[in-house]
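Protein chains: 2
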Amino acid sequence: MNEREIVALIREMAGGPHPGVEVQIGDDAAVFRFPTPDVLLTVDSLYEGVHFDMDTYELSDVGWKTAAAGISDIAAMGGEPLCALLSLAFERPPSSAEVLALVGGFREVSILNGCELVGGDVCRSPGGLALTVTVAGKPPDHGPVRRSGAREGDLVGVTGCAGDSAAGLFILQRGDDGARERFPGLVEAHLRPKPRVLAGTILGEHGVSAMEDVSDGIAPDICHICSESGLGCEIQADLIPLSDELKELAEEASVDPMTWALSGGEDYELLFTAPPGRLERILDSLGKLDIPASRIGVMRPAGEGCRAVDAEGETIELKGLGYEHFA
Amino acid sequence: MNEREIVALIREMAGGPHPGVEVQIGDDAAVFRFPTPDVLLTVDSLYEGVHFDMDTYELSDVGWKTAAAGISDIAAMGGEPLCALLSLAFERPPSSAEVLALVGGFREVSILNGCELVGGDVCRSPGGLALTVTVAGKPPDHGPVRRSGAREGDLVGVTGCAGDSAAGLFILQRGDDGARERFPGLVEAHLRPKPRVLAGTILGEHGVSAMEDVSDGIAPDICHICSESGLGCEIQADLIPLSDELKELAEEASVDPMTWALSGGEDYELLFTAPPGRLERILDSLGKLDIPASRIGVMRPAGEGCRAVDAEGETIELKGLGYEHFA
Chain A
2 MNEREIVALI REMAGGPHPG VEVQIGDDAA VFRFPTPDVL LTVDSLYEGV
52 HFDMDTYELS DVGWKTAAAG ISDIAAMGGE PLCALLSLAF ERPPSSAEVL
102 ALVGGFREVS ILNGCELVGG DVCRSPGGLA LTVTVAGKPP DHGPVRRSGA
152 REGDLVGVTG CAGDSAAGLF ILQRGDDGAR ERFPGLVEAH LRPKPRVLAG
202 TILGEHGVSA MEDVSDGIAP DICHICSESG LGCEIQADLI PLSDELKELA
252 EEASVDPMTW ALSGGEDYEL LFTAPPGRLE RILDSLGKLD IPASRIGVMR
302 PAGEGCRAVD AEGETIELKG LGYEHFA
Chain B
2 MNEREIVALI REMAGGPHPG VEVQIGDDAA VFRFPTPDVL LTVDSLYEGV
52 HFDMDTYELS DVGWKTAAAG ISDIAAMGGE PLCALLSLAF ERPPSSAEVL
102 ALVGGFREVS ILNGCELVGG DVCRSPGGLA LTVTVAGKPP DHGPVRRSGA
152 REGDLVGVTG CAGDSAAGLF ILQRGDDGAR ERFPGLVEAH LRPKPRVLAG
202 TILGEHGVSA MEDVSDGIAP DICHICSESG LGCEIQADLI PLSDELKELA
252 EEASVDPMTW ALSGGEDYEL LFTAPPGRLE RILDSLGKLD IPASRIGVMR
302 PAGEGCRAVD AEGETIELKG LGYEHFA
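Chains as they are written, first to last, in my numbering: chain A, 2 to 328; chain B, 2 to 328.
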């Protein structure tokens with residue numbers, strides 16, 4: 002397909018009209034009508050060979066993961082995603098089946114989260130597939146949840162389990178089809194992460210003091226909250242929730258599960274802080290909606306650094322752990 | 002620099018606070034307060050080796066051109082750009098001087114056009130520099146100008162001169178330093194195009210029936226307006242405004258200037274349609290602000306196709322001309 006045909010196909014896939022969408026795909030810019038003057042805006046890029054490879058991903062997974070990365074950033078502010086733009090670059094002209102799979106995966110997770118594809122860009126890439134997603138959304142009524150709002154003594158919470166995505170990547174990189182079948186939850190967590198939009202809005206309504214999505218790993222992400230809030234933290238490693246599949250794989254592969262839990266990115270769970278009394282109520286509220294969430298630590302003065310303590314009382318420095326693009 | 006340092010430097014460059022910017026660079030998402038519920042949204046990606054190469058571009062040119070491409074899309078709807086996100090991917094860790102040049106060029110043109118850098122993404126690329134810009138803006142009061150609003154008998158107008166950017170690229174690709182010095186306007190048009198934001202808002206206020214920026218070339222861009230409006234067109238080739246530098250270079254290099262004028266993209270001039278009486282008033286209004294603009298043709302029934310007629314009365318089919326990423 003050429004550029005014009007690709008845009009025409011994506012426009013057909015998007016259908017419409019949709020609420021809020023005043024000008025859809027196919028003009029110089031899209032027009033969306035937002036319910037509030039304040040708009041959340043975020044952008045994420047994914048490159049073949051850096052963020053994914055086509056040996057282990059289906060095209061629909063790539064589309065899904067791209068949309069999920071952008072939507073998760075909106076969830077991390079306590080917001081609701083409303084519309085998205087997708088910039089696509091192909092090394093060679095794609096077939097219509099390829100565009101359908103890629104954009105289909107993108108739309109699958111975005112529609113699940115109330116986020117409409119309204120525009121984008123299509124061009125040639127110098128090598129490999131490249132995608133950039135822009136997501137715009139509505140902040141919570143009391144204002145967006147920042148990384149900078151944590152206070153000393155606030156407790157640290159996290160939704161879901163930690164490290165499943167990294168463990169899934171471990172399986173995919175080994176090319177072990179047997180493990181892939183025995184640990185479907187880990188592989189799914191890596192290929193098709195589910196952004197925590199509902200949890201984010203509930204956490205926003207409850208006035209959590211700081212929040213971030215786990216995109217780089219619990220260690221670097223709590224370090225961001227510490228540095229933006231001018232604080233340190235003490236994470237209790239044995240409180241970090243691990244899935245049964247992760248524990249089983251870790252034992253089988255002789256990997257320390259904390260490696261995945263602390264340094265593994267792309268879980269897209271939400272990491273947040275709240276005063277002690279409030280945290281219990283928050284965990285209750287989430288629990289009633291079957292959203293798992295756990296207390297894993299406490300915010301400390303900056304001088305104490307960012308650290309985790311394991312069951313034996315050993316200290317783990319959190320700074321420097323996790324994925325770094327230019328390591 | 003690593004990812005964190007790059008973000009910190011860009012945040013410092015952006016400074017602030019700025020009007021409308023509620024949450025700046027450094028959180029999961031930016032928050033911008035828009036003056037109208039309707040928001041224009043556009044995205045453009047530029048790849049090294051496809052859209053530019055580092056033999057002929059300075060990093061500051063790459064930054065400039067990326068911002069200009071996004072801002073021009075907002076201008077093409079008659080809108081005002083207000084804020085931008087920038088996703089940057091580097092093959093290897095950049096130096097601070099490189100980040101300063103790249104983002105400096107981006108900010109130079111965006112600030113000139115009232116558009117604040119509010120967020121973005123930084124990661125590693127599999128090869129070469131890659132940039133994606135998202136620009137959000139305010140539509141004109143009577144609503145955005147679409148590609149689809151042209152009517153039969155509307156006249157076709159264009160701002161500025163056609164083909165300068167393509168002629169500039171011709172000079173850069175030949176590596177001819179002498180020509181580079183003798184034709185500075187052409188080279189500047191290619192490296193540092195100036196989006197027509199003021200012209201776009203005036204055209205929007207005057208209620209032009211359709212508009213598009215010249216990003217692919219006058220031929221493919223008028224074909225977009227024709228196809229979206231369900232019409233054909235007749236462009237008078239001898240009315241297409243050519244700069245003196247372009248004419249001189251064309252003669253010297255024995256190139257038909259119409260090749261650059263019709264098929265040369267990235268001029269970022271505005272191509273628009275309006276009823277006959279209104280077009281004269283529009284050209285007057287633009288002229289009073291020293292914005293050059295010309296009438297170049299007329300919208301015709303779809304059955305007559307999209308064509309140009311040259312001074313000798315020869316017909317040039319416009320469909321199929323211009324840049325195509327997957328040609």
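Cβ coordinates follow ideal geometry from the N, Cα and C atoms, glycine included.
Keep in mind that this is a model prediction, so the values were computed, not measured.
Locate the alpha helix (DSSP H) running through Ser61(A), then write down its first and last residues. What you label residue 61(A) is simply residue 60 of the first sequence in a count that begins at 1. It spans 60 to 76 - the alpha helix (DSSP H) in which Ser61(A) sits, taken as one unbroken run.
Is the Cβ of Asp214(A) closer than 8 Å to any Cβ of chain B? For this step, residue 214(A) is matched to residue 213 along the first sequence. Yes, because at least one Cβ of chain B sits closer than 8 Å to the Cβ of Asp214(A).
Would you mind working out which of Val44(A), Ser264(A), Cys224(A) sits nearest Glu305(A), comparing C-alpha positions? If you number the first sequence from 1, residue 305(A) lands on position 304. Of Val44(A), Ser264(A), Cys224(A), the residue nearest in Cα terms is Cys224(A).
Quick check: what's the CA-CA separation for Gly50(B) versus Ala90(B)? Position 49 of the second sequence, counting from 1, holds the residue named residue 50(B). Position 89 of the second sequence, counting from 1, holds the residue named residue 90(B). Approximately 14 Å, taken between the alpha carbons.
Endpoints, the beta strand (DSSP E) within which Thr133(A) is located: Taking the first sequence and counting its residues from 1, one reaches residue 133(A) at position 132. 131 to 139 is the extent of the beta strand (DSSP E) around Thr133(A).
So, under 8 Å CB-CB, Val119(B) and Gln25(B) are touching, yes? Tell me the CB distance rounded to an integer number of Å. Taking the second sequence and counting its residues from 1, one reaches residue 119(B) at position 118. Taking the second sequence and counting its residues from 1, one reaches residue 25(B) at position 24. Rounded, the Cβ-Cβ distance is 6 Å, consistent with contact.
Consider the Cβ of Ala30(A): report whether some Cβ of chain B lies at a distance smaller than 8 Å. Counting from 1 along the first sequence, the entry for residue 30(A) is found at position 29. Taking Cβ atoms only, chain B reaches closer than 8 Å to Ala30(A), which makes this a yes.
What are the residues that DSSP puts in a beta bridge with Asp122(B)? In the second sequence, residue 122(B) corresponds to position 121, counting from 1. The partner list for Asp122(B) (beta bridge, DSSP) reads Ser88(B).
Contained alpha helix (DSSP H) runs [length at least 4] in the region 196 to 221 of chain B, N- to C-terminal order: 198 to 206
Quick check on Leu290(A): buried or exposed, where buried means 16 or more other Cβ atoms within 10 Å of its Cβ? For the purposes of this step, residue 290(A) is taken as the residue at position 289 of the first sequence. Exposed, because fewer than 16 other Cβ atoms sit within 10 Å of the Cβ of Leu290(A).
Give the range of the beta strand (DSSP E) segment to which Ala31(A) is assigned. Residue mapping note: residue 31(A) aligns to position 30 of the first sequence, counting from 1. Start and end: 31 to 34.
Please determine, among Gly79(B), Asp178(B), Glu313(B), the residue with the shortest C-alpha to C-alpha distance to Asp28(A). Here residue 28(A) corresponds to residue number 27 of the first sequence, with the count starting at 1. The shortest C-alpha separation from Asp28(A) is found at Gly79(B).
So Met1(A) is in the alpha helix (DSSP H); what residue range does that whole segment cover? Within the shown structure, residues of chain A are numbered from 2 to 328, placing residue 1(A) beyond reach of any answer.
Give a yes or no on whether 8 Å exceeds the smallest Cβ distance from Ile203(A) to chain B. Here residue 203(A) refers to the residue found at position 202 of the first sequence. Judged by the 8 Å Cβ criterion, Ile203(A) is not in contact with chain B.
Let me make sure I understand the geometry here. Which of Asp222(B), Arg12(B), Tyr269(B) has the alpha-carbon closest to that of Asp165(B)? The residue labelled residue 165(B) in the question sits at position 164 within the second sequence. Here the closest residue by C-alpha is Tyr269(B).
Looking at chain A, is there any beta carbon in it that lies within less than 8 Å of the beta carbon of Asn3(B)? Along the second sequence, one-based indexing puts residue 3(B) at 2. Output row for Asn3(B): interface = yes.
Which listed residue (Ala70(B), Gly161(B), Glu92(B)) has its alpha carbon closest to that of Phe273(B): Here residue 273(B) is taken as the residue at index 272 of the second sequence, counted from 1. Per the Cα distances, Gly161(B).
Is Glu49(A) near the ligand GDP - that is, is its Cβ less than 7 Å away from at least one heavy atom of it? The ligand content of the structure shown is nil, which means the ligand GDP is not present either.
Min CB distance Phe35(A) to chain B below 8 Å: Position 34 of the first sequence, counted from the start, is the residue given in the question as residue 35(A). Taking Cβ atoms only, chain B reaches closer than 8 Å to Phe35(A), which makes this a yes.
Spell out whether any CB of chain A is found under 8 Å from the CB atom of Val100(B). Position 99 of the second sequence, counting from 1, holds the residue named residue 100(B). No, Val100(B) lies away from the interface with chain A (no Cβ there is under 8 Å from its Cβ).
Should His143(A) be labelled buried (16 or more other beta-carbon atoms within 10 Å of its own) or exposed? Locating residue 143(A) in the first sequence gives position 142, counting from the first residue. Exposed, since its Cβ has fewer than 16 Cβ neighbours within 10 Å.
Is Cys224(B) helix, strand or coil by DSSP? Counting from 1 along the second sequence, the entry for residue 224(B) is found at position 223. Cys224(B) falls in the helix class under three-state DSSP.
Is the beta carbon of Gly64(B) closer than 8 Å to that of Leu103(B)? Within the second sequence, residue 103(B) is the residue found at index 102, counting from 1. Within the second sequence, residue 64(B) is the residue found at index 63, counting from 1. Taking 8 Å as the Cβ cut-off, Leu103(B) and Gly64(B) qualify as a contacting pair.
Just to make sure I have the definition right: I need the residues of chain A whose C-beta is within less than 9 Å of the C-beta of Met78(B). Which are they? For the purposes of this step, residue 78(B) is taken as the residue at position 77 of the second sequence. Going along chain A in sequence order, the residues near Met78(B) (Cβ under 9 Å) are Val24, Asp28, Asp29, Ala30, Val32.
Kindly indicate which residue of Gly106(A), Glu213(A), Leu130(A) has the alpha-carbon position closest to the one of Ala151(A). Stepping through the first sequence from its first residue, residue 151(A) is reached at position 150. Shortest Cα-Cα distance from Ala151(A) to any of Gly106(A), Glu213(A), Leu130(A) involves Glu213(A).
The region 41 to 60 of chain B in contact with the region 29 to 37 of chain A per 3-pair CB rule at 8 Å: The region 41 to 60 of chain B vs the region 29 to 37 of chain A: in contact.
Burial state of Gly288(B), where buried means 16 or more other Cβ atoms lie within 10 Å: On the second sequence, position 287 is the one that residue 288(B) refers to. Gly288(B) should be labelled exposed.
With a Cβ-Cβ cutoff of 8 Å, do Ala131(A) and Ser46(A) count as a contact? Reading the first sequence from its first residue, position 130 is the one you call residue 131(A). Reading the first sequence from its first residue, position 45 is the one you call residue 46(A). Yes.
Tell me the rounded alpha-carbon separation between Cys172(B) and Ala180(B). For the purposes of this step, residue 172(B) is identified with residue 171 of the second sequence, where counting begins at 1. For the purposes of this step, residue 180(B) is identified with residue 179 of the second sequence, where counting begins at 1. Residue identity check: residue 172(B) is Ile in the sequence provided, not Cys. Rounded to whole angstroms, the gap between the alpha carbons of Ile172(B) and Ala180(B) is 6 Å.
Using C-beta distances below 6 Å, list every residue in its chain close to Arg148(A), excluding the 5 sequence neighbours before and after it, in chain order. Taking the first residue of the first sequence as 1, we reach residue 148(A) at position 147. Result list for Arg148(A): Ala211, Glu213, His225, Ile226, Glu229, in chain order.
Out of Cys234(B), Val134(B), Arg175(B), which has the shortest C-alpha to C-alpha gap to Gly71(B)? On the second sequence, residue 71(B) is found 70 positions in, with the first residue counted as 1. Considering only alpha carbons, the answer is Val134(B).
Status (buried if at least 16 other CB within 10 Å, exposed otherwise) for Glu81(A): What you label residue 81(A) is simply residue 80 of the first sequence in a count that begins at 1. Answer is buried; the Cβ neighbour count reaches 16.
Sheet register partners of Pro82(B) (DSSP bridge): Here residue 82(B) corresponds to residue number 81 of the second sequence, with the count starting at 1. For Pro82(B), which the question treats as bridged, DSSP gives the partners Gly138(B).
Which same chain residues end up closer than 7 Å to Ser97(A) when comparing Cβ atoms and leaving out the 5 residues on each side of it in sequence? Looking up residue 97(A) in the first sequence gives position 96. The residues are Met2, Leu10.
Which two residues bound the contiguous alpha helix (DSSP H) that contains Asp285(A)? Here residue 285(A) refers to the residue found at position 284 of the first sequence. Asp285(A) -> alpha helix (DSSP H) spans 277 to 289.
What residues from the region 43 to 64 of chain A come within 9 Å of chain B, judged by C-beta to C-beta, listed N to C? Thr43, Val44, Asp45, Ser46, Leu47, Tyr48, Glu49, Gly50, Val51, His52
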